[in-house]
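Mapping the sequence shown onto my numbering, position 694 (from 1) lands on 765, and the numbers just tick up by one.
Don't be surprised by glycine CBs; every beta carbon is placed ideally from N, CA and C.
Computed from a predicted model, the values in this text were never measured in an experiment.
Take a look at the structure below.
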Amino acid sequence: MSTYEQWQDTNNRYLATAIADLRTRLERLANDAATGDAANLTPPKTVPAKKDSWLSGLLKREPVAATTGVGGLLTSTTRLGEPHNEPAEAQESKTAGAAADDTPAAVLLARRLGLSDFERNLLLLCTAMEFDTRIGALCGRAQRDPSKPYPTFGLAMALFDNAAWDAMSPERPLRYWRLIEINQPGAQPLIGSALKADERIVNYLKGANYLDDRLAPLLDAVTGDVHELPLSQQQVVATATTHLQLGIRGGSLPLVQLLGNDSASKLQIAQSIGAALGLHLHRLYAETIPAALADQETFLRLWQRETALLNLALYVDATEIDRVSAQGLTVQRVLGRIAGVCLIGVREPWPGFGRDALPVDVAKPTPSEQKAAWIDALGSDAAVHAQRPATHFNFDIATIRRVAGDALAATHDDPSRLPSVLWNYSLGRARPTLDQLAQRIDAKAGWDDLQLPPMEKALLRQITDQVEHRGIVYDDWGFRERMNRGLGVSVLFAGASGTGKTMAAEVIARELKLPLYRVDLSTVVNKYIGETEKNLRRLFDAAEDGGAILHCDECDALFGKRSEVKDSHDRHANIEVDYLLQRIESFSGLAILTTNMKSALDSAFLRRLRFIINFPFPAAAERQAIWRAAFPPAIDVGGLDFAQLARFNLTGGSIQNIAINAAFLAASSLSRITMRLLLEAARGEFRKLDKPVNEADFRHLESVAGSA
């Protein structure tokens, strides 16, 4: 027989004995009532509550840990009578939580929730209604009223010794912890109202322990193995655990604030803290905390009750909540009163909880720790492939293990595919968050498609090399130890429209095999104060984690010069620019910004850029190369005179437009692309750009085309 089965047998015998005693008492009281000698059901003299009662801590708005037995929870297990190091499957089973002895559930519940002997007996009377069908009829007989086949306060006071009037108080455990339900219709006195044991409590007393189903929809159990964290995060766990243990011993638990923008790392640290304290962690999203005060009170009472019946810790994820918003104020109100071990994930410290709070900074593992995690997850045989994902992606330890494990499993039969599969899996893991904030660009252009002078091309290759080898320079060579900003690569492409700035961004992305995202200004810029900064923060954070290249087209709309403050709108616009200047400097990825109005940019912004590349207007030689590259290989271009076409003073973007328009003209006439069609399309492009059309040049080219 297992330890739990032994305890279950003990608990059942305790309940059977208690119910048999209740039947005996009820039968005696019923017989006395039948002979007219029943005891007066008038309640006895009130026993005043002690000044240092269990409720004093609640009235002082202190955590209930010391008075509800949270200290005992730390040494108890999910199953009564079983050791704490039982398997995870047993920990998750729905069985009674109790100390590692033969203590029955009813005695343990009374101890943890502060019930007197009378209150415990009253609760057993209500529970017996669920276990023995004879109890109801006996209750009616004992009360000399067959229409009352249920327990009442009056019946309990006549039935048990040491009866106390204050057991009916809403501040005493039976009603405060909602262990019983009272059915009091109309003007019926409280003392004669029907009592019913809460379903959760009935099951607990029988040995089935589970999270209250009124809380279950709001909470997510954080399950899975607790992996060893890197040293930087282990120090966070040790700090928080030490303060919580001191709070448990002193009876005043601090609220732990996990600070930072990495929700995954904060959750892993919260789980490790819970495991160190012997508690099971549940996550509550701040958005789901009820707004109505009555619902908040119900939530608080039920959660406090669950912390006494189960080994629980709460992690509230409020990373995306504004502290001064209505929901933020609700979170502060609720967490200021909540009992037990509680942690909250926020970006910055929140004041206003009205209780002791412990803020601790949480960040992703350092780059060296991430690289070590990649090596450990891939194994010694594949460790050589760890450098590239460690350089370009900023993942937490759990994500690294998951990506590496999936890639190894997918390439088990062909290890040569591991580098490409590992890279694609990493991209897939990083992509979903950023897709909501920017537009993905499918990079198709290569170096041969880019027609630029040698110096500008050399600078572009230098940008690519710096991004590819930043892990070696910053981490292996120690430059990160000497720098706290400017670790990213921010570049500006300046030049007239159509000179190849966007194509150059595509070339770099294709060379690095990194995703390229164009910032969608329509979703980033918001007229409401503070919203633009929030959107930009989310955008930069997501890009850093996913190794994405950010492409901000027409960046002068965001990075324009700060103006003299004349009203609140000017002040707000300057604040946005200030935030951007700071964020672009702290961004650790590759940001490519393009503009055709370099003079409109703030000088402080230009100083923060690693590279500035001016895209010149293409010369005749470049224009001829652009004309040749404008047509796919499948098109016959033998009759086209590219040298003559290069005489048109046009950018690469305009040349591409002409080529496309000429192709549609040819398709509509079911002919091939000719010089005449190209010249017709060129006239349209000149008119669109409000450029003068030199008819002499056009007639010359038409005559050349006609003679050909």
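Rounded distance between the beta-carbons of residue j and residue i, thought under 8 Å
{"i": "Thr-722", "j": "Gly-517", "result": "The pair is not a contact, with the Cβ atoms about 19 Å apart (cut-off 8 Å)."}
{"i": "Ile-415", "j": "Leu-329", "result": "7 Å"}
{"i": "Pro-175", "j": "Asn-274", "result": "The pair is not a contact, with the Cβ atoms about 15 Å apart (cut-off 8 Å)."}
{"i": "His-353", "j": "Leu-429", "result": "Not quite, the Cβ-Cβ distance comes to about 20 Å (not below 8 Å), so this is no contact."}
{"i": "Val-538", "j": "Leu-661", "result": "5 Å"}
{"i": "Ser-659", "j": "Glu-604", "result": "Wrong, their Cβ atoms sit about 19 Å apart, outside the cutoff."}
{"i": "Val-431", "j": "Val-327", "result": "7 Å"}
{"i": "Ile-262", "j": "Thr-223", "result": "7 Å"}
{"i": "Ala-690", "j": "Ile-726", "result": "So it is not a contact: roughly 13 Å between Cβ atoms."}
{"i": "Leu-748", "j": "Leu-736", "result": "5 Å"}
{"i": "Leu-348", "j": "Thr-312", "result": "7 Å"}
{"i": "Ile-684", "j": "Glu-527", "result": "6 Å"}
{"i": "Arg-743", "j": "Asp-707", "result": "6 Å"}
{"i": "Val-474", "j": "Arg-500", "result": "6 Å"}
{"i": "Leu-100", "j": "Ala-229", "result": "6 Å"}
Per-residue burial, residue i [other beta carbons within 10 Å of its own, 16 or more giving buried]
{"i": "Gln-79", "result": "buried"}
{"i": "Ser-778", "result": "Reliability fails at Ser-778, whose pLDDT of 47 lies under 50, so the model's placement of it is uncertain and the value that follows must be treated cautiously. So Ser-778 counts as exposed."}
{"i": "Asn-728", "result": "buried"}
{"i": "Asp-612", "result": "buried"}
{"i": "Arg-679", "result": "buried"}
{"i": "Pro-787", "result": "The structure shown does not extend to residue 787, since the chain is modelled only from 72 to 779, so the question has no answer here."}
{"i": "Lys-442", "result": "buried"}
{"i": "Pro-763", "result": "exposed"}
{"i": "Gly-278", "result": "buried"}
{"i": "Leu-144", "result": "Because Leu-144 sits at a pLDDT of 28, beneath the cut-off of 50, its placement in the model cannot be relied upon, and the following sentence gives the value as read from the coordinates. By the neighbour-count rule (16 or more Cβ atoms within 10 Å), Leu-144 is buried."}
{"i": "Trp-445", "result": "buried"}
{"i": "Trp-421", "result": "buried"}
Residue span of the beta strand (DSSP E) that contains residue i, given as start and end
{"i": "Phe-564", "result": "560 to 566"}
{"i": "Pro-430", "result": "428 to 432"}
{"i": "Gln-510", "result": "509 to 512"}
{"i": "Arg-551", "result": "No beta strand (DSSP E) holds Arg-551; DSSP gives it neither H nor E."}
{"i": "Gly-416", "result": "412 to 417"}
{"i": "Ala-292", "result": "290 to 292"}
{"i": "Cys-623", "result": "620 to 623"}
Residue i: first and last residue of the uninterrupted alpha helix (DSSP H) it sits in
{"i": "Asn-685", "result": "That residue, Asn-685, is in no alpha helix (DSSP H); its beta strand (DSSP E) goes 682 to 686."}
{"i": "Ile-272", "result": "270 to 277"}
{"i": "Ala-105", "result": "74 to 105"}
{"i": "His-463", "result": "458 to 463"}
{"i": "Ile-446", "result": "438 to 449"}
{"i": "His-314", "result": "302 to 321"}
{"i": "Cys-197", "result": "188 to 202"}
{"i": "Tyr-247", "result": "244 to 247"}
{"i": "Leu-607", "result": "602 to 617"}
{"i": "Leu-226", "result": "224 to 230"}
{"i": "Leu-531", "result": "525 to 539"}
{"i": "Ile-744", "result": "Counting along the chain, Ile-744 falls outside any alpha helix (DSSP H), and DSSP gives it neither H nor E."}
{"i": "Glu-299", "result": "Looking at the DSSP string, Glu-299 is not in any alpha helix (DSSP H), and its letter there is neither H nor E."}
{"i": "Ile-579", "result": "572 to 583"}
Residue i vs residue j beta-carbon contact at 8 Å
{"i": "Leu-64", "j": "Leu-282", "result": "With the chain represented from 72 up to 779, any question about residue 64 goes unanswered, as that position is not in the structure."}
{"i": "Arg-185", "j": "Pro-241", "result": "As written in the sequence, residue 185 is Gly, which differs from the Arg given in the question. Going by C-beta atoms, Gly-185 is not nearer than 8 Å to Pro-241."}
{"i": "Asp-393", "j": "Ser-334", "result": "no"}
{"i": "Leu-531", "j": "Thr-666", "result": "no"}
{"i": "Ala-478", "j": "Leu-498", "result": "no"}
{"i": "Ser-343", "j": "Leu-300", "result": "yes"}
{"i": "Val-595", "j": "Leu-610", "result": "yes"}
{"i": "Leu-226", "j": "Cys-210", "result": "yes"}
{"i": "Gly-411", "j": "Gln-375", "result": "yes"}
{"i": "Ala-461", "j": "Val-402", "result": "no"}
{"i": "Ala-177", "j": "Leu-276", "result": "yes"}
{"i": "Ser-561", "j": "Arg-654", "result": "no"}
{"i": "Val-590", "j": "Leu-621", "result": "yes"}
{"i": "Ala-671", "j": "Leu-652", "result": "no"}
{"i": "Pro-325", "j": "Leu-315", "result": "yes"}
{"i": "Ile-521", "j": "Ala-575", "result": "It should be noted that the sequence gives Leu, not Ile, for residue 521. Cβ distance < 8 Å, so Leu-521 and Ala-575 count as in contact."}
{"i": "Phe-202", "j": "Ala-238", "result": "no"}
{"i": "His-456", "j": "Leu-489", "result": "yes"}
{"i": "Leu-250", "j": "Glu-377", "result": "no"}
{"i": "Ala-514", "j": "Ala-580", "result": "yes"}
{"i": "Thr-535", "j": "Leu-583", "result": "yes"}
Distance cut-off 7 Å: residue i Cβ against heavy atoms of the ligand FAD
{"i": "Ala-428", "result": "No copy of the ligand FAD occurs in the structure displayed, which carries no ligand at all."}
Which parts of the segment 329 to 403 are runs of the alpha helix (DSSP H), unbroken and 4 residues or longer, counting only runs that do not cross its ends? 334 to 347 and 364 to 380
Would you mind listing the alpha helix (DSSP H) stretches within the segment 659 to 732 that are 4+ residues and don't spill past its ends, in chain order? Taken in chain order, the whole alpha helix (DSSP H) runs of length 4 or more contained in the segment 659 to 732 are 674 to 678, 691 to 700 and 713 to 716.
Any chance you could list the alpha helix (DSSP H) runs of at least 4 consecutive residues sitting entirely within the segment 468 to 504, in chain order? Here the runs fully enclosed are 468 to 481.
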